[in-house]
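K.L.:
Residue numbers (the working numbering): 904 to 1147.
Heads up, the beta-carbon is just placed ideally off N, CA and C, and yes, glycines get one too.
#1: Run through the segment 1028–1097 for me and flag every whole beta strand (DSSP E) of 3 or more residues, listed as ranges in chain order.
#2: In terms of residues, what are the limits of the beta strand (DSSP E) holding residue 1138?
#3: Taking only three categories from DSSP, how would you classify residue 1147?
#4: Using 8 angstroms as the threshold, is the segment 1068–1082 in touch with the segment 1013–1026, meaning 3 or more CB pairs across them?
#5: Does DSSP put residue 1113 in a helix, a strand or coil?
#6: Give me the residue from 962, 1099, 1087 and 1118 with the minimum Cα distance to residue 1026.
#7: Quick one: is residue 999 buried, meaning 16 or more other Cβ sit within 10 Å of its Cβ, or exposed?
#8: Skipping 5 residues on each side, what residues in its chain have a beta carbon closer than 8 angstroms to that of residue 1046?
#9: Could you name the residues of the same chain whose beta carbon sits closer than 8 angstroms to that of residue 1141, not counting the 5 residues immediately before and after it, in chain order?
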């Protein structure tokens, strides 16, 4: 399985540094011009030199504080936005493999402390290479996005959908046993097989389903779901296989 995970965003990243640098420079110039304007007005309104100097000092301090505050706000906002983007697959807007692993590990922590179990559904688009070779990668991307949309609009709000490879996806189902997970997989299988993908006919998917056993790591559960998916494809595709 090919990972689509991206690295965490760091404030030391050149892209982030450049954005912060330009924004702070522009903001500093604006605030300094504002400070000059205040000083000029104070000069015209007062002949008292002490009052003028007092106004100058206050204006400079306020400008300095504003710049520092702006730096902090801009840095936090930009890094937060870039970090948020880094958990998504850019094509389908599904979560990526790294974020999926984080979600599973957190759920394992909960289950080991008495929460209900969870299940995984791994799905793979059947003969996807043929779609790309026959219709081109643009149509292939359309199929990926359509299937992602189908899955994301079918699962519950607290479930998660992730793209972990070229045409491989995982649905993470908290508080769900294997029996309920296989029912969802079968429902999605039918929806996808009956969906209109435009010029591409006969799009189907295979599904591997498993449930957390206890005492496992995220990769253990994912590998078992992958094994179930392999069995589904090996037995003719367009079907669902459950492995406990």
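P.N.:
The relevant details are as follows:
#1: 1063–1066 and 1071–1076, all fully within the segment 1028–1097.
#2: Residue 1138: not part of any beta strand (DSSP E); DSSP gives it neither H nor E.
#3: Correct three-state label for residue 1147: coil.
#4: With a cut-off of 8 angstroms, the segment 1013–1026 and the segment 1068–1082 count as touching, because enough Cβ pairs lie within range.
#5: In this structure, residue 1113 counts as strand in the three-state DSSP scheme.
#6: Answer by Cα proximity: 1087.
#7: Answer is buried; the Cβ neighbour count reaches 16.
#8: Around residue 1046: 1028, 1031, 1034, 1100, 1103 and 1106.
#9: Contacts found: 1029, 1092, 1096, 1107, 1108 and 1109.
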